[in-house]
Amino acid sequence: DGGITQSPKYLFRKEGQNVTLSCEQNLNHDAMYWYRQDPGQGLRLIYYSQIVNDFQKGDIAEGYSVSREKKESFPLTVTSAQKNPTAFYLCASSIVEEQYFGPGTRLTVL
Amino acid sequence: QQQVKQSPQSLIVQKGGISIINCAYENTAFDYFPWYQQFPGKGPALLIAIRPDVSEKKEGRFTISFNKSAKQFSLHIMDSQPGDSATYFCAACRSNYKLTFGKGTLLTVNP
Chain A
2 DGGITQSPKY LFRKEGQNVT LSCEQNLNHD AMYWYRQDPG QGLRLIYYSQ
52 IVNDFQKGDI AEGYSVSREK KESFPLTVTS AQKNPTAFYL CASSIVEEQY
102 FGPGTRLTVL
Chain B
63 QQQVKQSPQS LIVQKGGISI INCAYENTAF DYFPWYQQFP GKGPALLIAI
113 RPDVSEKKEG RFTISFNKSA KQFSLHIMDS QPGDSATYFC AACRSNYKLT
163 FGKGTLLTVN P
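Heads up: the protein sequence lines correspond to chains A and B, in order. The opening residue of the first sequence carries number 2 in the numbering used here; numbering runs sequentially from there. The opening residue of the second sequence carries number 63 in the numbering used here; numbering runs sequentially from there.
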């Protein structure tokens, strides 16, 4: 059963802590993406990777970091430097332009 | 700078009616225009997409109309149903595969 999985579904973090969000895909897609979604703001690109061991900053990369050691995996770390991390985080992968999204992780900073 | 402007922000339609959502873009290098449907608490799902070489694409009750000269495209949902109630996002992309999204339209279809 092919698809994109994100874990956990809900995540709570104390201020000053780093947290890592998981994203795995078994679609054999080369490109993977991380977006942040806030109410009324649409989807904003954080980081993207078109091949293994390579990634680029998106529009709002400050306070975030990623790695792409395997084709299937693209974890996102939300660092303590991110001023307002409470949001819905979406991972996507693509074949050519067609992007497919995972179910999302809702991060809440307490 | 917002490169894809979407309207309206919210839309209420009666069951059986036509829902119309509009998007305008600025970058003439965009060559792929998808629409996504998102239910609360879920990830967006690709609904339908169009390229600039065609003016219309239809899939079931969903139609994209594309006007290259006006740099506008729209989603029409025919015979709208309560199950269509969701947030719809338009997007645009160049050949580097980075999608630029509109801010979304919350559609409510009343029974």
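The beta-carbon is built from N, C-alpha and C at its ideal position, and this holds for glycine as well.
- Put simply, of A:SER50, A:TYR11, A:SER23, A:GLU70 the residue whose alpha carbon is nearest the alpha carbon of ILE96 (chain A) is A:SER50.
- With its beta carbon at least 8 Å from every one in chain B, GLN83 (chain A) lies outside the interface.
- With the criterion set as a beta carbon lying under 7 Å from some beta carbon of chain A, the members of the segment 155 to 173 of chain B are CYS155, TYR159, LYS160, LEU161, PHE163, GLY164, LYS165, GLY166, in sequence order.
- Inter-residue distance for LEU108 (chain B) and LYS84 (chain A) is about 31 Å (C-alpha atoms, whole angstroms).
- For SER95 (chain A), the chain B residues whose Cβ falls inside 7 Å of its Cβ are TYR159, in order along the chain.
- Listed as beta-bridge partners of TYR159 (chain B) by DSSP are no residues whatsoever.
- PRO76 (chain A) places its beta carbon 8 Å or farther from that of THR6 (chain A).
- Comparing C-alpha distances from ILE52 (chain A) to each of A:TYR101, A:ASP31, A:PHE102, A:ARG107 shows the shortest one belongs to A:ASP31.
- Interface flag for PRO70 (chain B) against chain A is unset, since no Cβ pair is found closer than 8 Å.
- For PHE102 (chain A), the closest Cβ of chain B is nearer than 8 Å.
- Comparing alpha carbon positions, the residue from A:GLN100, A:CYS92, A:GLU98 closest to PRO9 (chain A) is A:CYS92.
- At a cut-off of 8 Å between beta carbons, TYR94 (chain B) contacts chain A.
- Per DSSP, the beta bridge partners of MET33 (chain A) are A:SER50, A:SER94.
- Three or more pairs of CB atoms, one per stretch, sit closer than 8 Å, so the segment 93 to 101 of chain B contacts the segment 147 to 159 of chain B.
- In the DSSP assignment, ASP55 (chain A) falls within the unbroken beta strand (DSSP E) covering 55 to 58.
- Between LYS67 (chain B) and ALA91 (chain B), the gap from beta carbon to beta carbon reaches 8 Å or more.
- The beta carbon of GLU70 (chain A) sits no closer than 8 Å to any beta carbon of chain B.
- Segment contact: the segment 134 to 142 of chain B against the segment 115 to 126 of chain B, three or more CB-CB distances shorter than 8 Å; contact assigned.
- Assignment of PRO144 (chain B) by DSSP, reduced to helix, strand and coil, places it in the helix class.
- Not one beta carbon of chain B lies nearer than 8 Å to the beta carbon of LEU22 (chain A).
- DSSP, reduced to helix, strand and coil, places THR90 (chain B) outside both helices and strands of the structure shown, so it counts as coil.
- The bridge partners DSSP lists for GLU25 (chain A) are A:THR6, A:SER74.
- About 6 Å separates the Cβ atoms of GLN38 (chain A) and ALA88 (chain A), confirming a contact at the 8 Å cut-off.
- In the three-state DSSP reduction, ASN85 (chain A) falls in the coil class, being neither helix nor strand.
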